[in-house]
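In this note's numbering, the protein residues as written are 533 to 930.
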């Protein structure tokens with residue numbers, strides 16, 4: 533982990549910077565490939581950059597274990613990388629103990645999970661869920677095309693279908709990840725067993741009023757788009773109380789005011805609206821309630837309203853047998869655990885379309901992630917990796 537954590541560090545730039553298909557990301561893959569080879573694993577990389585290390589201990593489907601190596605800009609030390617290193621450590625520990633699982637164990641480092649070009653390309657390719665139109669048109673914030681970034685590193689975006697795995701070849705997928713939230717630390721619990729990954733809908737909302745002079749236009753004659761935005765934001769707790777659950781999240785994350793001038797009434801407010809929940813029915817209820825509230829706000833303040841429903845990703849439950857195996861082995865190890873949802877997206881949600889998939893969390897100190905201050909106690913990591921190890925052997929034997 534410490535050696536891997538040096539890849540993507542730049543003097544004067546905080547945190548770790550390994551965006552998907554950057555030089556640093558590919559250097560991390562090369563580093564991990566060398567470590568896999570040193571363990572005697574069969575190492576390969578597919579057309580989209582997924583790195584595989586196969587310990588072929590037997591015939592039949594493999595238990596696949598891993599996570600991702602790329603980071604967000606100015607990201608943290610543990611996000612993703614911990615899951616890959618943990619998988620490697622489990623294989624090494626089994627080898628050192630002379631334990632030979634009855635089926636193959638495959639360590640996987642997925643490609644472009646974090647979202648430089650949209651996210652989770654590697655796991656989508658493994659599960660056969662890649663949208664070819666997105667693959668061809670995706671660009672990052674600087675305008676770099678995904679296909680160009682891939683081909684620059686010898687990958688073959690047009691051959692993405694060759695990365696798809698046969699479901700009969702994978703017995704289960706396991707992922708260890710930092711929680712990226714405050715719950716486990718706040719409750720003093722070392723392990724989170726994820727029951728499912730929240731679905732997400734993303735809207736771009738536009739409220740249109742009239743831009744006018746801020747000094748000469750009376751307050752009661754204004755059509756202020758920002759006032760409409762604020763009034764809607766104020767009602768988000770009521771939307772959740774009426775249509776959601778304690779697992780619901782509704783967030784306005786980005787706002788643009790036009791003309792955005794100190795002496796001009798905002799004539800337009802454009803903002804993102806992100807809704808999440810573990811239930812598709814609750815997600816739909818949140819979306820419907822948000823739309824009704826926006827329509828009422830627009831009518832109240834005399835504003836135009838346009839909603840661009842940009843994306844909808846259904847919630848994904850984790851496999852019940854894998855959840856049971858995690859719980860069984862946590863109890864065997866004497867580890868307290870909490871069954872909980874994941875509010876963030878992970879590779880597990882696409883791998884669940886391929887095979888039985890499960891995800892465990894270890895606590896994030898202060899709930900901080902996607903930042904240089906991201907930290908998890910090594911004692912909690914030890915607990916998580918031991919649970920991962922025991923669950924690998926549990927599922928391999930079944």
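Where is the CB? At the ideal position from N, CA and C, for every residue including glycine.
**Report entry** CB of residue 587 within 8 Å of CB of residue 601, strictly
**Finding:** no
Query raised in the report: Where do the ends of the alpha helix (DSSP H) carrying residue 594 lie?
Result: Element bounds for residue 594: not the alpha helix (DSSP H) but the beta strand (DSSP E), 594-600.
Query - Rounded distance between the beta-carbons of residue 696 and residue 658, thought under 8 Å - result: 7 Å
Query raised in the report: Can you tell me whether residue 793 is buried or exposed, with buried defined as 16 or more other CB within 10 angstroms of its CB?
Result: Exposed: under 16 other Cβ atoms inside 10 Å.
Query raised in the report: Under the rule that 16 or more other beta-carbon atoms within 10 Å means buried, what is residue 842, buried or exposed?
Result: So residue 842 counts as exposed.
Requested in this report: Helix, strand or coil for residue 543, going by three-state DSSP, please let me know.
Outcome: Residue 543 falls in the coil class under three-state DSSP.
Query raised in the report: Pick from 551, 577, 571, 548: whose alpha carbon is nearest that of residue 562?
Result: 577
**Report entry** Residue(s) in a DSSP beta bridge with residue 677
**Finding:** Bridge partners of residue 677: 671.
Requested in this report: Would you verify that the beta carbon of residue 867 is, or is not, closer than 8 Å to some beta carbon of chain D?
Outcome: The structure shown contains no chain D; it is built from a single protein chain.
Query raised in the report: For residue 895 versus residue 711, is the C-beta spacing smaller than 8 Å?
Result: Against a cut-off of 8 Å, the Cβ pair of residue 711 and residue 895 comes out as a contact.
Report task. Leaving aside the five residues before and after residue 568 along the sequence, list all residues of the same chain whose C-beta is less than 6 Å from its C-beta, in chain order. Result -> 575, 585
**Report entry** Beta-carbon gap between residue 836 and residue 749 smaller than 8 Å
**Finding:** no
Report task. For residue 868, count neighbouring C-beta atoms within 10 Å of its own C-beta (all shown protein chains included) and say buried if the count is 16 or more, exposed if not. Result -> exposed
Report task. State yes or no: is the C-beta of residue 643 within less than 8 Å of the C-beta of residue 552? Result -> yes
Query raised in the report: Which class does residue 869 belong to by DSSP, given the choice of helix, strand or coil?
Result: In the three-state DSSP reduction, residue 869 falls in the strand class (E or B).
**Report entry** Proximal residues to residue 757 (C-beta, below 7 Å), its chain only, five neighbours per side dropped
**Finding:** 739, 740, 741, 798, 799, 800, 801, 835
Query raised in the report: Applying the criterion that 16 or more other CB atoms from any shown protein chain within 10 Å of the CB defines a buried residue, is residue 542 buried or exposed?
Result: exposed
Requested in this report: Measure how close the beta-carbons of residue 814 and residue 777 come, nearest whole angstrom, since I'm counting them as under 8 Å.
Outcome: 6 Å
Query raised in the report: In three-state terms, what does DSSP make of residue 649?
Result: coil
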